[in-house]
Amino acid sequence: MKTDVEIAQEAQMRPIQEIAEKLGISDDELELYGKYKAKVALSAWERVKEQPNGKLILVTAINPTPAGEGKTTTSVGLADAFHRQGKKVAVALREPSLGPCFGLKGGAAGGGYAQVVPMEDINLHFTGDFHAITTAHNLLAAVIDNHIQQGNALDIDVRRITWKRVLDLNDRALRHVVIGLGGKAHGTPRETGFDITVASEMMAILCLAKDLEDMKQRLGEIVIGYSREGRAIRAKELNVTGALTLLFKDAIKPNLVQTLEGTPAFIHGGPFANIAHGCNSVMATKFALKFADYVVTEAGFGADLGAEKFLDIKCRFAGLKPDAVVIVATVRALKMHGGLDKKELGKVDMAALEKGLANLTKHIENIQKFGLPAVVAINAFPTDTKEELDFVEKKCNELGAEVALSEVWAKGGEGGLELADKVVEATKKPNDFHFIYDVNESIPEKIEKITKEIYGGDGVDFTPAAKKQLKEIEELGFDKMPVCMAKTQYSLSDDATKIGRPTGFRITVKELRISAGAGFIVALTGNILTMPGLPKHPAAENMDIDVNGKITGLF
Numbered sequence: 006m007k008t009d010v011e012i013a014q015e016a017q018m019r020p021i022q023e024i025a026e027k028l029g030i031s032d033d034e035l036e037l038y039g040k041y042k043a044k045v046a047l048s049a050w051e052r053v054k055e056q057p058n059g060k061l062i063l064v065t066a067i068n069p070t071p072a073g074e075g076k077t078t079t080s081v082g083l084a085d086a087f088h089r090q091g092k093k094v095a096v097a098l099r100e101p102s103l104g105p106c107f108g109l110k111g112g113a114a115g116g117g118y119a120q121v122v123p124m125e126d127i128n129l130h131f132t133g134d135f136h137a138i139t140t141a142h143n144l145l146a147a148v149i150d151n152h153i154q155q156g157n158a159l160d161i162d163v164r165r166i167t168w169k170r171v172l173d174l175n176d177r178a179l180r181h182v183v184i185g186l187g188g189k190a191h192g193t194p195r196e197t198g199f200d201i202t203v204a205s206e207m208m209a210i211l212c213l214a215k216d217l218e219d220m221k222q223r224l225g226e227i228v229i230g231y232s233r234e235g236r237a238i239r240a241k242e243l244n245v246t247g248a249l250t251l252l253f254k255d256a257i258k259p260n261l262v263q264t265l266e267g268t269p270a271f272i273h274g275g276p277f278a279n280i281a282h283g284c285n286s287v288m289a290t291k292f293a294l295k296f297a298d299y300v301v302t303e304a305g306f307g308a309d310l311g312a313e314k315f316l317d318i319k320c321r322f323a324g325l326k327p328d329a330v331v332i333v334a335t336v337r338a339l340k341m342h343g344g345l346d347k348k349e350l351g352k353v354d355m356a357a358l359e360k361g362l363a364n365l366t367k368h369i370e371n372i373q374k375f376g377l378p379a380v381v382a383i384n385a386f387p388t389d390t391k392e393e394l395d396f397v398e399k400k401c402n403e404l405g406a407e408v409a410l411s412e413v414w415a416k417g418g419e420g421g422l423e424l425a426d427k428v429v430e431a432t433k434k435p436n437d438f439h440f441i442y443d444v445n446e447s448i449p450e451k452i453e454k455i456t457k458e459i460y461g462g463d464g465v466d467f468t469p470a471a472k473k474q475l476k477e478i479e480e481l482g483f484d485k486m487p488v489c490m491a492k493t494q495y496s497l498s499d500d501a502t503k504i505g506r507p508t509g510f511r512i513t514v515k516e517l518r519i520s521a522g523a524g525f526i527v528a529l530t531g532n533i534l535t536m537p538g539l540p541k542h543p544a545a546e547n548m549d550i551d552v553n554g555k556i557t558g559l560f
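The numbers in our numbering rise by one with no breaks, and the one at position 1 of the sequence shown is 6.
Quick look at the structure:
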């Protein structure tokens, strides 16, 4: 089997105008970035905003394991299957971050014969959206320090500035830094740090904003820190909201590319799902729903993170209602959740499979708690046996979830036709979509509901520091917002080692952060980090480019 990058490089891409034409997007509504990439002009929205929405299908997964699940691959392959069936379809995905690209993942554009292309561009600089976010975020940081240097008229407490700087790379050495050294001319010395760009509140704002005006308003509401009297200070008080918005004038426009099979693909925004809300932009999703009859989108990591935030945060803000949810799993990953070692996953172990299957069944139950129909996509591996596959299907069927074998990695859209049929049937089932919590409940009540209903835990505890932050948030009036849980992706609990379906645990909230511009409170649990580090052997070590510009090592 060829590598992902080899398959992508052999693809016969169509000019992006041809892809746009499939959705009824005119040449005048495209802003070209070469032959195969374009941004869709915001003027296109005015033309289609009154049209009925297409069907919205969310793709999520079990808790990830080193065995792999293939959520993006399944999303792309499902869209290609719809395309093969003659349906007017689009897939809406997040943009990959350079941090994990050079760190662990090596890329995030699908895999095998279910990829979005141009794969190298999408995984690298693409259309510059992440650079715009990084620059705008750091402009605000520079203005804060300049304001202090120039007399500090807002009486900013330099010990309580919450706005850090960002970089779209994994760099643990920058988590905690001291700036302003070198004397009076070089600023006020203070402690700060760097987060990864995809953890920036501005990334969340880009992905939740309705339009440029809404984005400007949200940017102004960002809380950058506190005065010495304890007053929350907003970005708009620094008089640079217009300049910040200016940097997003192009980034806010959805990006249009294609799959290997020529299916239109909107790829826009990329917040992490373990530290942010993990969904592509509201604007890209809404554009796709107006232009296509079926829209396949995904939410990051397992359903306990990305799907919960897609449903409780993104759908709440955007007024979206999914028609069906696909949960991706593999027999190999389920056996790993059952305690089987990675080296042993090729052998049949029904006891490990049955134990690990509890992780999948919990996610099915969770989707049904939102009132939505679920379809399970089993990503096929050569080592899967009929006995194992039949067992998984039987258990899922008992919960009312249909199961389809997905072979899109090896066969592209052809390998997803059965899945596509079952998803279409699921969209016709009764749909009672509702949120897990009421936004007007207290922060502890909201987190407790997520913990008990979605994670299966017994309750939530707050550290003394988090309790102090909670009291301040309530006093400032920020408590009636949704909660964005920052939690390990590997477990339903906040302990990455508790795989499968753990019980008898409690979630510990260590820190609460106000994201007033995005419109939610971030609750940090466990050992979650907003600036990842590189592994011992980063994916970057395997990447290269030759004199002809041919790239190797991206996957």
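Here a beta-carbon is modelled for each residue, glycine too, at the ideal position from N, C-alpha and C.
* To do: Check each candidate in Ala97, Val94, Asp85 and Arg99 and name the one with the smallest Cα separation from Tyr118.
  => Stepping through the sequence shown from its first residue, residue 118 is reached at position 113. For the residues Ala97, Val94, Asp85 and Arg99, the minimum Cα distance to Tyr118 belongs to Asp85.
* To do: Work out the CA separation of Cys284 and Ala46 for me, nearest whole Å.
  => Counted from its first residue, the sequence shown places residue 46 at position 41. Counted from its first residue, the sequence shown places residue 284 at position 279. So the alpha carbons of these two residues sit roughly 21 Å apart.
* Take Thr8 as the anchor and find which of Val94, Met124, Gln56 and Gly82 has the nearest alpha-carbon. => Position 3 of the sequence shown, counted from the first residue, corresponds to residue 8. Ranking Val94, Met124, Gln56 and Gly82 by Cα distance to Thr8 puts Met124 first.
* If I'm right that Ala289 touches Pro259 with Cβ under 8 Å, what's the distance once you round it to whole angstroms? => Reading the sequence shown from its first residue, position 284 is the one you call residue 289. Reading the sequence shown from its first residue, position 254 is the one you call residue 259. Confirmed, Cβ separation roughly 4 Å.
* Is the segment 260-270 touching the segment 94-101 in the sense that three or more CB pairs, one from each, lie closer than 8 Å? -> yes
* Comparing alpha-carbon positions, which option in Gly522, Lys472, Gly461 and His542 lies nearest Thr508? -> Working through the sequence shown from its first residue, we reach residue 508 at position 503. It is Gly461.
* Three or more beta-carbon pairs under 8 Å between the segment 217-237 and the segment 132-151, yes or no? -> yes
* From Ser447 to Asp484, what distance separates their C-alpha atoms? -> In the sequence shown, the residue the question calls residue 447 occupies position 442. In the sequence shown, the residue the question calls residue 484 occupies position 479. Cα-Cα distance, rounded: 6 Å.
* Anticipated Cβ contact below 8 Å, Ile512 with Thr530, distance rounded -> Counted from its first residue, the sequence shown places residue 512 at position 507. Counted from its first residue, the sequence shown places residue 530 at position 525. At roughly 6 Å, the Cβ-Cβ gap stays under 8 Å, so Ile512 and Thr530 are in contact.
* Asked: Can you tell me where the beta strand (DSSP E) with Ile272 in it begins and where it stops?
  -> Translated into the one-based positions of the sequence shown, residue 272 becomes position 267. First-last of the beta strand (DSSP E) with Ile272: Pro269 to Ile272.
* Asked: Mapping DSSP to helix, strand and coil, what is Leu265?
  -> Along the sequence shown, read from residue 1 onward, the residue named residue 265 stands at position 260. Coil, per DSSP.
* To do: May I ask which residues mark the beginning and end of the beta strand (DSSP E) holding Gly464?
  => As a position in the sequence shown, residue 464 is number 459, starting the count at 1. Gly464 to Phe467 is the extent of the beta strand (DSSP E) around Gly464.
* **Thr246 - containing alpha helix (DSSP H), residue span** => Your numbering for residue 246 matches position 241 in the sequence shown. Its alpha helix (DSSP H) spans residues Thr246 to Leu251.
* **Identity of the residues DSSP links to Asp549 by a beta bridge** => Taking the first residue of the sequence shown as position 1, residue 549 is located at position 544. Paired residues: Thr557.
* Enumerate in chain order the residues of its own chain whose CB-to-CB distance from Glu313 is below 8 Å, with the five nearest sequence positions on each side excluded. => Position 308 of the sequence shown, counted from the start, is the residue given in the question as residue 313. Asn371, Ile441, Ile455, Ile459 and Met490.
* To do: Less than 8 Å between the CB atoms is what I'm expecting for Gly418 and Ser411, so what's the real figure, rounded?
  => Within the sequence shown, numbered from 1, the residue matching residue 418 stands at position 413. Within the sequence shown, numbered from 1, the residue matching residue 411 stands at position 406. Actually they do not touch by this definition, with Cβ atoms about 11 Å apart.
* Thr79 - DSSP class collapsed to helix/strand/coil -> By 1-based counting over the sequence shown, the position of residue 79 is 74. Reduced to three states, the DSSP call for Thr79 is helix.
* Do you know how far the Cα of Ala406 is from the Cα of Lys380? -> Here residue 380 is taken as the residue at index 375 of the sequence shown, counted from 1. Here residue 406 is taken as the residue at index 401 of the sequence shown, counted from 1. Sequence check: residue 380 is Val here, not Lys. Val380 and Ala406: Cα-Cα distance of roughly 5 Å.
* **Straight-line Cα distance separating Val429 from Arg164** => Working through the sequence shown from its first residue, we reach residue 164 at position 159. Working through the sequence shown from its first residue, we reach residue 429 at position 424. Between Arg164 and Val429, the C-alpha separation is close to 55 Å.
* Glu393 versus Gln56, Met355, Asp33 and Gly116, residue with shortest Cα-Cα distance -> Working through the sequence shown from its first residue, we reach residue 393 at position 388. Looking at the Cα atoms, Met355 is the closest of the given residues.
* Is it the case that the Cβ atoms of Val10 and Leu497 are separated by a distance below 7 Å? -> Locating residue 10 in the sequence shown gives position 5, counting from the first residue. Locating residue 497 in the sequence shown gives position 492, counting from the first residue. Result no, Cβ atoms of Val10 and Leu497 do not sit closer than 7 Å.
* To do: Identify every residue that forms a DSSP beta bridge with Ser520.
  => Along the sequence shown, read from residue 1 onward, the residue named residue 520 stands at position 515. Note: Ser520 sits in a beta bridge opposite Phe525.
* Beta-carbon separation (whole angstroms), Asp173 vs Leu103, contact threshold 8 Å -> Indexing the sequence shown from 1 puts residue 173 at position 168. Indexing the sequence shown from 1 puts residue 103 at position 98. Contact holds; Cβ gap of about 5 Å.
* To do: Please state if the CB of Asp150 and the CB of Asp233 are separated by a distance shorter than 7 Å.
  => Indexing the sequence shown from 1 puts residue 233 at position 228. Indexing the sequence shown from 1 puts residue 150 at position 145. The question names Asp, but residue 233 is Arg in the sequence shown. In this structure, Asp150 does not lie closer than 7 Å to Arg233 by Cβ.
* **Contiguous alpha helix (DSSP H) assignments of at least 4 residues, all confined to the segment 378-451** => 391-403, 413-416 and 422-431
* Asked: In terms of residues, what are the limits of the alpha helix (DSSP H) holding Gln154?
  -> Translated into the one-based positions of the sequence shown, residue 154 becomes position 149. Asp134 to Gln154 is the span of the alpha helix (DSSP H), which, as asked, contains Gln154.
* Between which two residues does the alpha helix (DSSP H) containing Gly225 stretch? -> Residue numbering aside, residue 225 sits at position 220 when the sequence shown is read from its first letter. Leu217 to Glu226 is the span of the alpha helix (DSSP H), which, as asked, contains Gly225.
* Write down the C-beta distance between Ile257 and Ala214 rounded to the nearest angstrom, noting that I regard them as a contact closer than 8 Å. => Taking the first residue of the sequence shown as 1, we reach residue 257 at position 252. Taking the first residue of the sequence shown as 1, we reach residue 214 at position 209. Yes, Ile257 and Ala214 are in contact; Cβ-Cβ is about 7 Å, under 8 Å.
* Asked: Helix, strand or coil: which one does DSSP assign to Met490?
  -> Counted from its first residue, the sequence shown places residue 490 at position 485. Reduced to three states, the DSSP call for Met490 is strand.
* **Runs of beta strand (DSSP E) wholly within the segment 168-194 (minimum 3 residues, chain order)** => 170-172 and 182-184
* Could you tell me the distance, in whole angstroms, from the CA atom of Trp414 to the CA atom of Ala137? => To locate residue 414, count along the sequence shown from 1; it is residue 409. To locate residue 137, count along the sequence shown from 1; it is residue 132. Between Trp414 and Ala137, the C-alpha separation is close to 33 Å.
* Inter-stretch contact at 8 Å, needing at least 3 Cβ pairs: the segment 325-345 / the segment 516-531 -> no
* Count the other C-beta atoms from every protein chain shown that fall within 10 angstroms of the C-beta of Ile569, then say buried if there are 16 or more, exposed otherwise. => There is no way to answer for residue 569, as the model of the chain reaches only from 6 to 560.
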